[in-house]
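Before any comments, here is the structure.
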Amino acid sequence: MGGALGAAAVGGLGLPVYAARDEPVADWIRRNAVPLGDLGHLRRSIGGAQIVGLGEAIHSTAEITQQKHRVLRFLVERMGFRTIAFEDDWSLCTQLNEYVQTGRGDLRALVGQMSTAWRSEEIVELLEYLRSYNATHRDKVYFAGVEYFATRPLAYEAIDKYVARHAPDRLAELRRSLEPITPDTTDMGKYVWWYWKEVDNKAPYISNSKAVYELVRGLRNVDEVIVHHARQIASFYEAFSLPEDEIRVYRDARAAENVRWLHRYGDERVVFWAASAHTANAPGLRTIVPPLPDIVYPSAGSYLTRWYGDRYRSLGFTFERGTTLGPMGPIDMPPASADWFEYQLRAGKPELFSLDLRTPADRAVREWLNSTAKTRGYPEIGPTSWMTGGSLAEWFDVLIHCRHVTPVHAL
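Take the sequence shown: its position 234, counted from the start at 1, is 221 in my numbering, and no numbers get skipped.
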C-alpha cells in the first residue's frame, strides 16, 4: 500500500510529487518519528480500537514480519487483543488454531500448507509464540483465517458430522447437496484449478453450496462455527465462478465480513494480519501491472472503516529498499522512487520508527498527507508496477517504517 506525495504532476497522471527537500514535510517527519524501542507509545495511537489492521507493504520480508510480530505481542500482552484474523484459508487455520490452543498437530507441516507468502521460519515463530502464550494463560488467543480460497474437505466433514449428531432428520437432505460438491482430494491447488478453469457448468456447485448454507444456518441453536464452515464453502464456489477481475472485489468484501464475524463471534478485540492492500482504508485501490489491465477493488480495510469508524485502526509496515523472497527466489527492490511516499520517509532519522499520521501538522504537511498516493506495486514486475487510489492519511493511521529489508527464511 502507499502514500501521498505533494506538488507537481508525474507523467501526465495527475499524481503529485514531493521532493525530499520539501522542508515542512521533512521537518514534521523528523520531529514526530518515534524510534521503535519500547512500543508503549502505540497505546495512544490505537486507543479503544476494536480491530487493528497490521498491513505489510510487501510479503516475505524478515524485518517487516518480525516487527508485525512485535506489535502483535504488544496488542496481545498489553492491550488485551485475543483474536488473530489472518490472511489465509479459514479451514487450514482451524488446524493451526488447534495447535495454538492445544499444541497438537505438526506445526511446520501446517505452515508448509499455507499460502507461499507465509511459509517461513518467521511465521513458525509467530505461531509458536501464540502457543506459548496460551499454554500459560487462561484467557486464550484464537487464530483464524479470513479467506475462503482453499476450503478443505475438513469443513465439509465437520458439517456432515454436526448434522448427523444434532439434526439427523435433516442428514439425507444435507447430503443431497453436500456430497456432490465435496472435494475428492486434499490437494486444494489442484482442486481450485479444476473447478475454476475446467468446470464449464458451475451452477450446480453454486446452488448446492448455497443450499448447504441455508440448511445449516436454519438449524435450531446451531454452532456458529459450523455455519461459518458452510459460509466459506458457498463463498469458494461463488468466487471462482466470477470473471477474474471480479474475484478480487469479491475476495476483499468477504475477508472484511469474515473479520467482522470473528469480532462478533469472539466478542474480543481483533488483530487483522494481511498485506496493506487488504488492511488499508482504500475504497478505490488501483494497482498498475503493465502490460495487464489495472487491478481495481475496494480493500477489506475500507469496509472495516465504514462499519467501525475510529474503532478500526490501520497500521502500515513500510520500507525504503531491500530484497524479498518471491516464488522463484529473491527479488531485489530498488530504493523508493521520488514520487512514492516512502521517499519522504528518508527524513526520519531512526533506522526503524513509527509515525502517527494523525499528529497535528501545518497546512503543507496536511496537503502532503491528503494528496493522491503512489507506492510500490508487485516486486516481481519491478518499478513499472505501482499502487495508487486514495491518500496516505486515508490509508493509514500509523506507519512503521524500516529502511532496508531482507528475505524471510523459507521453510
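The beta-carbon is built from N, C-alpha and C at its ideal position, and this holds for glycine as well.
Predicted, not measured: the structure shown is a model, and the values here were computed from it.
How would you write the range of the beta strand (DSSP E) that LEU342 sits in, first residue to last? 339 to 343
Determine the burial state of THR180: buried for a count of at least 16 other Cβ atoms within 10 Å of its Cβ, exposed for fewer. Before going on, a small fix: residue 180 reads as Trp here, not Thr. So TRP180 ends up on the exposed side.
Compare the beta carbon distance of ILE282 and TRP373 with 8 angstroms and say whether it is the shorter of the two. no
My guess is that LEU141 and VAL150 are in contact by the Cβ rule of under 8 angstroms, so how many angstroms apart are they, rounded? Rounded, the Cβ-Cβ distance is 15 angstroms, inconsistent with contact.
Pick helix, strand or coil for ILE51, following the three-state DSSP scheme. helix
According to DSSP, PHE61 sits in a beta bridge with which residue or residues? Bridge partners of PHE61: none, in fact.
Return the CA-CA distance between ARG163 and TYR192, expressed in angstroms with no decimal places. 12 angstroms
Report yes or no: do three or more beta-carbon pairs, one from the segment 235 to 247 and one from the segment 126 to 141, lie closer than 8 angstroms? yes
Rounded Cβ spacing between GLY288 and ALA267 (contact assumed at less than 8 angstroms): 5 angstroms
Which residues in the same chain have their Cβ closer than 7 angstroms to the Cβ of ILE368, if we skip the five residues on either side of it in sequence? VAL276
Indicate the three-state DSSP secondary structure (helix, strand or coil) for TYR182 in the structure shown. helix
Is there contact here, the segment 22 to 39 with the segment 210 to 225, by at least three beta-carbon pairs under 8 angstroms? no
Alpha carbon to alpha carbon, how far is SER102 from LEU202? Give it in angstroms, no decimals. 31 angstroms
Does VAL416 come out as helix, strand or coil in the three-state DSSP assignment? The first residue shown for the chain is -12 and the last is 398, placing residue 416 beyond what the model contains.
What is the rounded straight-line gap between the Cα of ARG95 and the Cα of VAL111? 7 angstroms
Proximity to LEU206 [Cα-Cα], best of TRP327, HIS391 and ILE146: ILE146
When the Cα of LEU342 is compared with those of LEU41, VAL12 and HIS388, which residue comes out closest? HIS388
Output needed for GLY67: all residues of its chain with C-beta closer than 7 angstroms, excluding positions within five of it in sequence on either side, in chain order. ARG256
Going by Cα to Cα distance, which pick from THR48, VAL58 and ALA13 is closest to GLY24? VAL58
Compare the C-alpha of SER194 against each of ASP171, GLY176 and ARG218 and name the closest. ARG218
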